[in-house]
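Chains as they are written, first to last, in the numbering used here: chain U, 42 to 380; chain L, 42 to 380.
Report on one structure; see the data block that follows.
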DNA sequence: TTGTAGGCGTTATCAA
DNA sequence: TTGATAACGCCTACAA
C-alpha cells in the first residue's frame, strides 16, 4: 500500500480510504489516480494484515470426522460453496473419530482466529467432554455450529436430522407392504442418531400393534461388513424384510444375499438410510431414507453468518426432516412367501 | 503475551524467548515461572500476529474441482492428514470445473498468504490459461503443486497418474482373456488423462496385432448416463467386452445391462477405471484400474513441504503407476459365445 | 541473562 | 478532502 501511496504522492490513509470505498468524500481525481496506480502496481491487500487490525479473518473452520465419507464430503461441498458466496474461506480438518482431535482442531482453528466453527463431533464424544468443550467455546467467544453429531449440552446451535422420523418412515414403509417380521440392523449404541433411528423403528411397530422383538435387532457398527454378518442371523429369525440403519450396512446385506443366493426384493426386502450416492446404482436400486444434506449445509452457514454478524452465540436446534426414497429393494409381502 | 509478561514482571521479549524455546540461555527459574504463568493465563499465541512477522502461515491452499467426487474427497483426506503432521492447516475451495474459479481461488489463497498451493485444474483449462496461470504463480513466488490435472506448461511440479499405462493394463487384461472385439467408452476429448487412457488402450491392441477400429469407441463424458448410452451402440458392434474410461461410466454400463437383460460377465466383460469406493460393492464387483491416491496425496504434500523449506519452486512430474484390480466383471471369451 | 525498540501491512482516530 | 499517529500481537536485532 505504501508503494501505491508513494506513487501517487499521497498518504497511506488516503489510499486505504479509497481502496476500501470508505464513505469519506475524497475527490474524484485522486480517487481515480489511486485506483489506477493500484491496478498498475497490481496491488492486492495483505489479508493477514487486515485481519490483524479488523480482528476478522473471513475464515471459517470446518471440523469433520472424515471427509472421504460421502455424507461429509457432500456437506463440505455445500458448506464451502455457501461460504464462498459470503466471501469466506474454509479451513478444514479430519478428526477420524478421535475426540482428542476434535479438541485439537478446535484449538488450532481458534488460535487461527476463525470467525466461526462448524463441526461434527466424533462418535465417542462423551458427556464429560461436553463440559470441556463448552468451556473452550465460551471463553473463545466464537460461534460454533454443530452439525449431525452434537454434544448433549445446551447453549449450542445445532443442525441435525430427525433420525427418529427416519427410522419411523423406513419401518412404516415395510409395514405398509405387509411385512410383519422385520429385522433391524442398528448402529453403534453410543451414537445418538443410531439409537434414534432404532427408536423410530420401534415406534412404527408399536403403532402397527406389532410387538417389538429384540431378537430381530442385530447391532452393527455402520460398516458393510457388519451388515453382511447380520444377514444370516436375521434370516434364522425368518424375517421377510430388513431395515439397515445406514446404507453401508444395507450394502453389506446385498453382498451377503449374493453369497447366499437370496434375491432382493423377491426373497427379502431391504431399506437403508442416508441415500449415499451409490444407492441408486445398486441392483436393485436401494430404497432408503435420505438426508437433506444441501439444506442442512446451507443452514449451518446461515447460522454461522448470522452469529458472526450479530456477535452473539445463538442457540437452538434446527431439525431437518428425512425423506423416504422408494426405489427397487422392497416388495409386497404375501403370506405364502415373500412376493 | 503482555499479560504473561506483566504477571511475571518481565519483558515480552523474555516471554517470547522461552515460549518459543529459543536457544538464548534463560535461567531455569524464570523459564519455569513464565511457563507456569502462561499455563495459568491459558496463553495461546495469536497465529495471525505470528504470521504477520514470520511471513509464514503454516497454511496450504487446496483447490479441487469438486470435493464431493470420491476421488478428490479421498485425495483431500490424505492431503489434510499429511499436512496436519507437519503442523499445517488447509484452506480448501471447490471450483466446480470453472476456470474462472480456478483463478479466483488461486488469488484468494495467495492473498491469504498460504505457504503453498496444491491444485487440480478444471477440465476446460486451456493453453491460453496456462500462460496467465504461470504469470500469477511466478510473481507470487509461492510453490504450487499440480495434481491429477495439470497445465501443459513447464516449470511446475505435478503429481500425476500414468493414464496411458492404465488404459494399457485394462485392454491387456481383456485381451489376455481372449477378447478381440473390445469396445471403449472414452472420456471427454479435452481431458488429457482421458485421451491418454484411450491411447494406452490402443497401444495394447497394437501390441496384440489387433487393428484399432474407431467404430468401437464411444466418446462419453465421464458420467454414468453416458455409459448407459454407450452400451447399445457398442452392442450393435458385437463387442464382447467394454473398457469404460472411468468407473462412473462402467456403472452406467451396469445399469444399461440390467435394463437389456444382459449379464456381466457372462454376456459381456467390463473393465472400469479409478476404483472408486463403490466398485467393490457392485454385482458383480467391478474389475478396474486403481489409482494410488494415498501415495499421490502424500507426494503432493511432500513436494509442497520441500518447496517451502527450500524456498525454491521446484519442477518435474511425479508419475504414479496404476494397478489393475481384478474382480468379477470379466471372463474368458470363447469362440461360440462369450463364455 | 534480560530489556529496548523497531517493524510486519493494514485500519482507525482525530486533527489539520 | 487529506494526513499524522497509534494501534493490532508478536518477533528479533541489538544493547545492556
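Each residue gets a CB set at the ideal place from its N, CA and C atoms; glycine is no exception.
In three-state terms, what does DSSP make of residue i?
i, result
"residue 225/U", "strand"
"residue 140/L", "helix"
"residue 59/L", "helix"
"residue 380/U", "Bear in mind that a pLDDT of 42 at residue 380/U, under 50, signals an unreliable position, so the model cannot answer this."
"residue 218/L", "coil"
"residue 367/U", "coil"
"residue 374/L", "coil"
"residue 258/U", "strand"
"residue 358/L", "strand"
"residue 240/U", "helix"
"residue 205/U", "helix"
"residue 65/U", "coil"
"residue 108/U", "coil"
"residue 52/U", "coil"
"residue 85/L", "coil"
"residue 149/L", "helix"
Classify residue i: buried if its beta carbon has 16 or more other beta carbons within 10 angstroms, exposed otherwise.
i, result
"residue 328/L", "buried"
"residue 278/U", "exposed"
"residue 213/U", "buried"
"residue 285/U", "buried"
"residue 117/U", "buried"
"residue 301/L", "exposed"
"residue 59/L", "buried"
"residue 378/L", "With a pLDDT of only 49 at residue 378/L, under 50, the local geometry of the prediction cannot be trusted, and the value read off the model is given with reservation. Residue 378/L comes out exposed."
"residue 135/L", "buried"
"residue 358/L", "exposed"
"residue 88/U", "buried"
"residue 14/U", "Given that chain U is displayed from residue 42 to residue 380, the structure contains no residue 14/U and the question cannot be resolved."
"residue 268/L", "buried"
"residue 77/L", "exposed"
"residue 189/L", "buried"
"residue 307/L", "exposed"
"residue 287/L", "buried"
Can you give me the start and stop residues for the beta strand (DSSP E) that residue i sits inside?
i, result
"residue 186/L", "185-188"
"residue 330/U", "328-331"
"residue 160/U", "157-160"
"residue 94/U", "Careful: residue 94/U lies outside any beta strand (DSSP E), inside the alpha helix (DSSP H) at 88-95."
"residue 250/U", "Segment: none, residue 250/U is in no beta strand (DSSP E) and carries neither H nor E."
"residue 282/L", "282-285"
"residue 112/L", "That residue, residue 112/L, is in no beta strand (DSSP E); its alpha helix (DSSP H) goes 111-126."
"residue 49/U", "That residue, residue 49/U, is in no beta strand (DSSP E); its alpha helix (DSSP H) goes 43-49."
"residue 104/L", "100-105"
"residue 134/L", "130-135"
"residue 201/L", "198-202"
Residue i and residue j look like a contact to me (Cβ under 8 angstroms); what is the Cβ gap, rounded to whole Å?
i, j, result
"residue 368/L", "residue 333/L", "17 angstroms between Cβ atoms; not a contact."
"residue 342/L", "residue 123/L", "4 angstroms"
"residue 111/U", "residue 305/U", "Their Cβ separation, rounded to whole angstroms, is 22 angstroms, which puts residue 111/U and residue 305/U out of contact at 8 angstroms."
"residue 337/U", "residue 236/U", "In fact, because the Cβ distance is near 20 angstroms, the residues do not count as touching under 8 angstroms."
"residue 101/U", "residue 345/U", "6 angstroms"
"residue 261/U", "residue 228/U", "6 angstroms"
"residue 226/L", "residue 271/L", "4 angstroms"
"residue 161/U", "residue 106/U", "6 angstroms"
Could you please give the first and the last residue of the uninterrupted alpha helix (DSSP H) stretch that includes residue i?
i, result
"residue 315/L", "Element bounds for residue 315/L: not the alpha helix (DSSP H) but the beta strand (DSSP E), 310-315."
"residue 71/L", "69-81"
"residue 294/L", "288-301"
"residue 348/U", "334-351"
"residue 174/U", "168-181"
"residue 269/U", "265-277"
For the ligand PLP, I want to know if residue i counts as a neighbour, meaning its beta carbon is within less than 7 angstroms of at least one of the ligand's heavy atoms.
i, result
"residue 344/L", "This structure does not include the ligand PLP; it has no bound ligands of any sort."
Item to complete: Please list the residues of the region 130-145 of chain U that have a C-beta atom closer than 7 angstroms to any C-beta atom in chain L, keeping them in chain order.
Response: 130, 131, 132, 133, 134, 135
Worksheet item: Just by C-beta distance, which residues in the region 312-330 of chain L are closer than 7 angstroms to chain U?
Response: 319, 322, 324
Worksheet item: Using Cβ-Cβ distances below 8 angstroms, what residues of the region 153-170 of chain L are close to chain U?
Response: 153, 154
Worksheet item: Taking Cβ-Cβ distances below 9 angstroms as the criterion, which residues of the region 74-86 of chain U are in contact with chain L?
Response: 83, 85, 86
Worksheet item: What residues in the region 281-313 of chain L have a beta carbon less than 8 angstroms from any beta carbon of chain U?
Response: 292, 295, 296, 299
Discussion item. Closer than 8 angstroms between beta carbons: that is the criterion. Which residues of the region 115-129 of chain L meet it against chain U?
Written reply: 115, 117, 118, 121, 122, 125
Discussion item. Using a Cβ-Cβ cutoff of 8 angstroms, what residues of the region 88-108 of chain L are near chain U? List them in chain order.
Written reply: 88, 89, 90, 92, 93, 98, 100, 107, 108
Worksheet item: Going along the region 334-351 of chain L in order, which residues come within less than 7 angstroms of chain U, judged by CB to CB distance?
Response: none
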